[in-house]
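Novice: The structure under discussion is supplied below as structure tokens; questions concerning it will follow.
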Amino acid sequence: MAEVVLKHIKKVYPDLDLKKGKNTNLKVTDEGVLAVQDFDLDIKDKEFIVLVGPSGCGKSTTLRMVAGLEEISGGELYIGGEQMNDVPAKDRDIAMVFQSYALYPHMTIYDNMAFPLKLRKMPKEEIDKRVREAAEILGITQYLKRKPKQLSGGQRQRVAIGRAIVREPKVLLMDEPLSNLDAKLRNQMRAEIIKLRNKINTTFIYVTHDQTEAMTLGDRIVIMKDGEIQQIGTPQEVFNHPANLFVAGFIGVPQMNFYDAELVKDSDGKYAVELENVHVTLSDEKQENLARNQIKEGPVTLGVRPEHLHLADKAETKISGTVEVSEMMGSAVHLHIRACGTDTIMIVQLMDLDETAGFPIGREVGFSFNGKTAHIFSRETGENLEKVQA
Ligand SMILES: Nc1ncnc2c1ncn2[C@@H]1O[C@H](COP(=O)(O)OP(=O)(O)OP(=O)(O)O)[C@@H](O)[C@H]1O
Ligand SMILES: [Mg+2]
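Every number in this note's numbering is 105 more than the matching position in the sequence shown, counting from 1.
Rendered as structure tokens:
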């Protein structure tokens, strides 16, 4: 069993340049720069956790602290119920896969994969069995006699993963393992990792800055910014109920649209949102959440995803805008519209269209949205006003 528990984990780098507040959004104290702070997470046995966030947010630092490659400045780390803060990396029963494959160029693929087991003085037959099993799982059996330079990037990354799983570690850590691969191969390898995950009994902690990877791989996703956790949840939870503007903008492609809007109450006391001359009553679920948080009328930031905007009917009141760019994606068109003094992206499914005229640049369009799909954020703090208050 390998649950991994991080309690108030923190990392301080005593960096003098940064201490002076240069080029950093991170908090700076007398000790140094807070690269990670208040990191609290309970990872279940065999769970697949993804840490995601923009460059410099502290993902690798967190992973390296779990691995034992980086000292923990504060807080507690438990693996399988045992405190690990001061346990050396080699005794943590963890394996790590890096972005650079870090294979030994002079060794065959077989020897690369066998290497960590030889270090552990495992009997030859057992080593052979494990290497062949891992190679089979990863589909690289036919390359075992080759050297790394005779393999493609994707094949090399498989070998690196193979070398990590032969040890049958309790926890498998991966830091951007696919980011050196081209887009097509990355998609393929993503699917491979999902299959791998079903074949081996390991807890996964996976780091990426790519929201698509996070959404497709994670049982739960941890979204980080400037060394702090912004939200932890399943892909569905963070997509449907983003905790704040940052998460809302980070998860989902193309990005959610944001508008300065007004939250109002209808004469029957129901919450509605007003943008230009459009007045949309919110869904029952949203009514309940806003009422529970005793949210008052007033200016808010409204968020609507591009796939949740629709072209307005003739009878419908609508937000008017002008098409600036029209991107044909095959089954859909992504329209970039200038409206409400900002840029809006709307996805129009082509099968929903009864016209074939298309959307020439400069064309006037009217659009609206449904009260189920409106996200309401505080104009001051950026917090989702529906969020259950701590
Ligand atoms: N050895 C160090 N000394 C001082 N600051 C450091 C050190 N290593 C990392 N940092 C800082 O800590 C912060 C977090 O770095 P980290 O490598 O964890 O980010 P990341 O989320 O993995 O980013 P990326 O997506 O670019 O890999 C960054 O601001 C970085 O500049
Ligand atoms: Mg990193």
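No residue lacks a Cβ here, since even glycine has one placed at the ideal position from N, Cα and C. Owing to the predicted nature of the structure, the values given are computational and were not obtained by experimental measurement.
(1) Indicate, with yes or no, if ligand 2 has a heavy atom lying under 7 angstroms from the CB of Lys-423.
(2) Got a sec: does ligand 1 put a non-hydrogen atom nearer than 7 angstroms to the Cβ of Leu-131?
(3) Starting from the C-beta of Ser-473, find all residues in its chain whose C-beta is less than 8 angstroms away, skip the five residues before and the five after it, and write them out in chain order.
(4) Should Ile-266 be labelled buried (16 or more other beta-carbon atoms within 10 Å of its own) or exposed?
(5) Give the list of continuous alpha helix (DSSP H) stretches no shorter than 4 residues that lie fully inside the stretch 305 to 365.
(6) What beta strand (DSSP E) runs, 3 residues minimum, are completely inside the stretch 243 to 305?
(7) Would you call the CB atoms of Met-294 and Gly-259 closer than 8 angstroms?
(8) In this structure, does DSSP put Ile-232 in helix, strand or coil?
(9) If you check the beta carbons only, do Ala-269 and Ala-200 fall under 8 angstroms apart?
(10) Using 8 angstroms as the Cβ pair cut-off and three pairs as the minimum, do the stretch 131 to 142 and the stretch 160 to 173 touch?
(11) Using the three-state DSSP reduction, which class does Thr-134 fall into: helix, strand or coil?
(12) Report yes if the C-beta of Lys-179 is less than 7 angstroms from at least one heavy atom of ligand 1; otherwise report no.
(13) Just the C-alpha distance for Asp-216 and Lys-254, rounded to the nearest angstrom, thanks.
(14) What does the Cβ neighbour count give for Met-329, buried or exposed, with the cut at 16 atoms within 10 Å?
(15) Roughly how many whole angstroms lie between the Cα atoms of Ser-388 and Glu-402?
(16) Taking Ile-481 and Val-378 to be in contact with their CB atoms under 8 angstroms, please state how far apart those CB atoms are, rounded to whole angstroms.
(17) Look at the Cβ atom of Phe-355, then the Cβ atom of Gln-316, and state whether they are nearer than 8 angstroms.
(18) The beta strand (DSSP E) that contains Ser-165, what's its start and end?
(19) Does any heavy atom of ligand 2 sit closer than 7 angstroms to the C-beta of Val-141?
(20) So if DSSP puts Gly-471 in a beta bridge, which residue, or which two residues, is it bridged to?
(21) To the nearest angstrom, how far is it from the Cα of Lys-116 to the Cα of Ser-160?
(22) Kindly provide the chain-ordered list of residues whose Cβ lies closer than 5 angstroms to any non-hydrogen atom of ligand 3.
(23) So, is Val-493 buried or exposed, given that buried needs 16 or more other C-beta atoms within 10 angstroms?
(24) Could you spell out where the alpha helix (DSSP H) holding Glu-393 opens and where it closes?
(25) I need the DSSP call for Met-456, collapsed to helix, strand or coil.
(26) Determine the DSSP secondary structure at Glu-488, reduced to helix, strand or coil.
(27) Just how far apart, CA to CA, sit Gly-467 and Glu-281?
(28) Report yes if the C-beta of Val-312 is less than 7 angstroms from at least one heavy atom of ligand 2; otherwise report no.
(29) Are Asp-150 and His-113 touching if we call contact CB-CB under 8 angstroms?
(30) Can you grab the Cα-Cα spacing for the pair Tyr-376 / Lys-300, in whole Å?
(31) DSSP three-state label for Ala-207, please.
(32) Using the Cβ count rule (16 or more neighbours within 10 Å means buried), how would you classify His-441?
(33) Where does the unbroken beta strand (DSSP E) through Lys-112 begin, and where does it stop?
(34) Near Asp-198, which residues of its chain fall below 6 angstroms by C-beta distance, leaving aside the five closest residues on each side in sequence?
(35) With DSSP as the reference, label Asp-150 as helix, strand or coil.
Specialist: With the given structure in hand:
(1) Locating residue 423 in the sequence shown gives position 318, where the first residue counts as 1. No, the beta carbon of Lys-423 sits no closer than 7 angstroms to any heavy atom of ligand 2.
(2) For the purposes of this step, residue 131 is identified with residue 26 of the sequence shown, where counting begins at 1. Yes; taking the cut-off as 7 angstroms, the Cβ of Leu-131 has a heavy atom of ligand 1 nearer than that.
(3) Start at 1 with the first residue of the sequence shown, and residue 473 comes out as number 368. The residues are Val-383, Val-385, Leu-414, His-415, Ala-417, Glu-421, Thr-422, Lys-423, Ile-424.
(4) Sequence index remark: in the sequence shown, residue 266 carries index 161 (1-based). The residue is buried, with at least 16 neighbouring Cβ atoms inside 10 Å.
(5) 316 to 322, 340 to 345, 350 to 355
(6) 276 to 280
(7) In the sequence shown, the residue the question calls residue 294 occupies position 189. In the sequence shown, the residue the question calls residue 259 occupies position 154. Yes. Within cutoff.
(8) Against the sequence shown, residue 232 aligns to sequence position 127. In the structure shown, Ile-232 sits in a helix (DSSP, three-state: H, G or I).
(9) Taking the first residue of the sequence shown as 1, we reach residue 269 at position 164. Taking the first residue of the sequence shown as 1, we reach residue 200 at position 95. The Cβ atoms of Ala-269 and Ala-200 lie closer than 8 angstroms to each other.
(10) yes
(11) Position 29 of the sequence shown, counted from the start, is the residue given in the question as residue 134. Here Thr-134 sits in coil by DSSP.
(12) Position 74 of the sequence shown, counted from the start, is the residue given in the question as residue 179. Residue identity differs from the one stated: residue 179 is Gly in this sequence, not Lys. For Gly-179, the Cβ stays outside the 7 angstroms cut-off from all heavy atoms of ligand 1.
(13) Here residue 216 refers to the residue found at position 111 of the sequence shown. Here residue 254 refers to the residue found at position 149 of the sequence shown. Those two C-alpha atoms are separated by around 14 angstroms.
(14) Stepping through the sequence shown from its first residue, residue 329 is reached at position 224. Buried is the call here.
(15) Position 283 of the sequence shown, counted from the first residue, corresponds to residue 388. Position 297 of the sequence shown, counted from the first residue, corresponds to residue 402. Rounded to the nearest angstrom, the two C-alpha atoms are 16 angstroms apart.
(16) Locating residue 481 in the sequence shown gives position 376, where the first residue counts as 1. Locating residue 378 in the sequence shown gives position 273, where the first residue counts as 1. In this structure Ile-481 is in contact with Val-378, their Cβ atoms being roughly 7 angstroms apart against a cut-off of 8 angstroms.
(17) Mapped onto the sequence shown, residue 355 falls at position 250. Mapped onto the sequence shown, residue 316 falls at position 211. In contact: Phe-355 and Gln-316 (Cβ atoms closer than 8 angstroms).
(18) Reading the sequence shown from its first residue, position 60 is the one you call residue 165. Note, Ser-165: premise wrong, no beta strand (DSSP E); alpha helix (DSSP H) at 164 to 172.
(19) Within the sequence shown, the letter at position 36 stands for residue 141. Val-141 Cβ: outside cutoff for every heavy atom of ligand 2.
(20) In the sequence shown, the residue the question calls residue 471 occupies position 366. Its beta-bridge partners are Ser-425.
(21) Within the sequence shown, the letter at position 11 stands for residue 116. Within the sequence shown, the letter at position 55 stands for residue 160. Using only the alpha carbons, I get a separation of about 16 angstroms.
(22) No copy of ligand 3 occurs in the structure displayed; its ligands are ligand 1 and ligand 2 alone.
(23) Here residue 493 refers to the residue found at position 388 when the sequence shown is read from its first residue. Exposed: under 16 other Cβ atoms inside 10 Å.
(24) Walking along the sequence shown from the start, residue 393 turns up at place 288. That run of the alpha helix (DSSP H) goes 389 to 397.
(25) Here the question's residue 456 lines up with position 351 in the sequence shown. Per DSSP, reduced to three states, the secondary structure at Met-456 is helical.
(26) Reading the sequence shown from its first residue, position 383 is the one you call residue 488. In this structure, Glu-488 counts as strand in the three-state DSSP scheme.
(27) As a first step, residue 467 must be located in the sequence shown, where it is residue number 362. As a first step, residue 281 must be located in the sequence shown, where it is residue number 176. Looking at the two C-alpha atoms, the distance is approximately 41 angstroms.
(28) Position 207 of the sequence shown, counting from 1, holds the residue named residue 312. Indeed, a heavy atom of ligand 2 lies less than 7 angstroms from the Cβ.
(29) Walking along the sequence shown from the start, residue 150 turns up at place 45. Walking along the sequence shown from the start, residue 113 turns up at place 8. The answer is no: Cβ separation not under 8 angstroms.
(30) Looking up residue 376 in the sequence shown gives position 271. Looking up residue 300 in the sequence shown gives position 195. Cα-Cα distance, rounded: 45 angstroms.
(31) Looking up residue 207 in the sequence shown gives position 102. Of the three classes helix, strand and coil, the one that applies to Ala-207 here is coil, per DSSP.
(32) By 1-based counting over the sequence shown, the position of residue 441 is 336. When all chains shown are included, His-441 counts as buried.
(33) By one-based count along the sequence shown, residue 112 stands at place 7. Note, Lys-112: beta strand (DSSP E), 109 to 118.
(34) Locating residue 198 in the sequence shown gives position 93, where the first residue counts as 1. The residues are Pro-274, Lys-275.
(35) Translated into positions along the sequence shown, residue 150 becomes position 45. When DSSP states are grouped into helix, strand and coil, Asp-150 belongs to the coil group.
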